[in-house]
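Q:
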Amino acid sequence: MLIASLGSAAIGWAVLLLLHAPWSAVLGLLSVALGMIVVGAVNAFWKLRVHTAVVVFTTAALVTALGPWGIPLLAIPVAVGWSRVRLGDHTVAQVLAGIPAGLLVWGAYALVA
-11 MLIASLGSAA IGWAVLLLLH APWSAVLGLL SVALGMIVVG AVNAFWKLRV HTAVVVFTTA
49 ALVTALGPWG IPLLAIPVAV GWSRVRLGDH TVAQVLAGIP AGLLVWGAYA LVA
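Here it is in structure tokens:
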């Protein structure tokens, strides 16, 4: 699944470049590909929560873009994490491990955007 996802991201990246997409979109997709690699590497040994990583990255990017107006969005990763644990799909540790993964991807994006 990871290889197919990375292949899809590579095709999307090429299309973005061919269409002269905004640099933020190109970098955003590269950051997501980095996240897939990080999560895939961890998941080879342990079940890190992709849901949490993605929602943390997305929320951090939105809060960065929106400034103080985006602060209420910080409740979204909490709600997603809680729901994954409440549904019995994942442990608290698995959900919490997704946070640094998402922040790593956001940090990579923020450094180059």
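Residue numbers -11 to 101, in this note's numbering, belong to the letters of the sequence shown in order.
Here a beta-carbon is modelled for each residue, glycine too, at the ideal position from N, C-alpha and C.
(1) Please list, in chain order, all residues of the same chain as A21 whose beta carbon is under 8 angstroms from its beta carbon, the five residues on each side excluded.
(2) What's the gap between the Cα of V42 and the Cα of S19?
(3) Spatial neighbours of L(-10) within its chain, please: C-beta separation below 7 angstroms, excluding the five flanking residues on both sides.
(4) In terms of residue numbering, what span does the alpha helix (DSSP H) encompassing L84 cover?
(5) My parser needs the alpha helix (DSSP H) runs of 4 or more residues fully inside the stretch 12 to 83; what are they?
(6) Nearest CA to the CA of V83: which residue from G76, L91 and G69?
(7) Would you call the stretch 47 to 62 in contact with the stretch 76 to 94, where contact means no fewer than 3 C-beta pairs closer than 8 angstroms?
(8) Would the beta-carbon of V51 fall within 8 angstroms of that of I59?
(9) Thinking V26 and A85 are a contact (beta carbons under 8 angstroms), I'd like their distance in whole angstroms, please.
(10) Have a look at G55, R37, P10 and V14 and flag the residue whose alpha-carbon is nearest the alpha-carbon of G76.
(11) For I87 and P56, I'd like the C-alpha separation in whole angstroms.
A: Well, looking at it:
(1) L(-6), A(-3), A(-2) and W1
(2) Here the C-alpha atom of V42 lies approximately 11 angstroms from the C-alpha atom of S19.
(3) These residues qualify, in order along the chain: M24 and G28.
(4) V80 to V100
(5) List check, alpha helix (DSSP H) in window: 38 to 54 and 63 to 74.
(6) Checked all of G76, L91 and G69; the closest Cα to V83 is G69.
(7) They touch, by the three-pair rule.
(8) yes
(9) Going by Cβ atoms, the distance from V26 to A85 rounds to 11 angstroms, so no, they are not a contact pair.
(10) R37
(11) 21 angstroms
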